[in-house]
Amino acid sequence: MNHLRLIDILDSNLELFSQFDHVYLFGSALSASGLSAGSDIDLLLLYSKYSDQLVSGCEQISQKLGNETGRVVDLTVLGIDEERHVGFLDRISPHYRKIK
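Numbering-wise (our numbering), the sequence shown opens with residue 138 and increments by one.
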C-alpha cells in the first residue's frame, strides 16, 4: 500500500477523528516505497480537552483503520499543550503529514 492510498483511506474516515483537534500521519507509512510487509501505521492525535470518550474513540480508530488497511495502527495521543511541551512534531519534522 502506498502512502497516497493510505491518505485516501484516512480522508474517507475523518469522522473517526471528530473528538480530536489535529491528526498527523508519520513514520514509515510516508516513505517513498510505501508500507512494507509488517509495517504499522503511526498516527499522532492531539486533543484540547480530555474526556473518557477519547479512549473509546481511539479503540474505534484502531479497529476500523486496522480492518480497512490490514495493518496495526499505532496511536500516539497527546494534549495540545503536552505536545508543545515535549515537542513531538518538532522531533519528527518534516516527516509527517497533517490529516486534520
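We treat Cβ as the ideally placed atom computed from N, Cα and C, and that holds for glycine.
Since the model is a prediction, treat every value here as computed from it, not as a measurement.
For the beta strand (DSSP E) holding residue i, just list the boundary residues, first then last.
i	result
F163	159-163
K235	233-235
Contact defined as beta carbons within less than 8 angstroms: I believe residue i pairs with residue j. What is the distance between those atoms, to the nearest angstrom?
i	j	result
V209	C195	The pair is not a contact, with the Cβ atoms about 14 angstroms apart (cut-off 8 angstroms).
H222	L183	Wrong, their Cβ atoms sit about 12 angstroms apart, outside the cutoff.
Just grab the DSSP bridge partners of residue i for me.
i	result
D179	F163, D211
G216	Y184
Candidates the options: which alpha carbon is nearest residue i's?
i	options	result
N150	N204, I229, R228, H232	N204
L188	F157, R142, R234	Strictly speaking, residue 188 in this sequence is Ser, with Leu absent from that position. Per the Cα distances, F157.
Return the chain-ordered list of same chain residues with a C-beta closer than 8 angstroms to the C-beta of residue i, the five sequence neighbours on each side being excluded.
i	result
F225	L181, T213, L215
What is the residue span of the alpha helix (DSSP H) that residue i lies within?
i	result
F154	From DSSP, F154 is part of no alpha helix (DSSP H); its letter is neither H nor E.
G194	190-206
Considering only residues of the same chain and omitting the five flanking positions on each side of residue i, which have a CB-CB separation below 6 angstroms?
i	result
D179	F163, G164, D211
L202	V210
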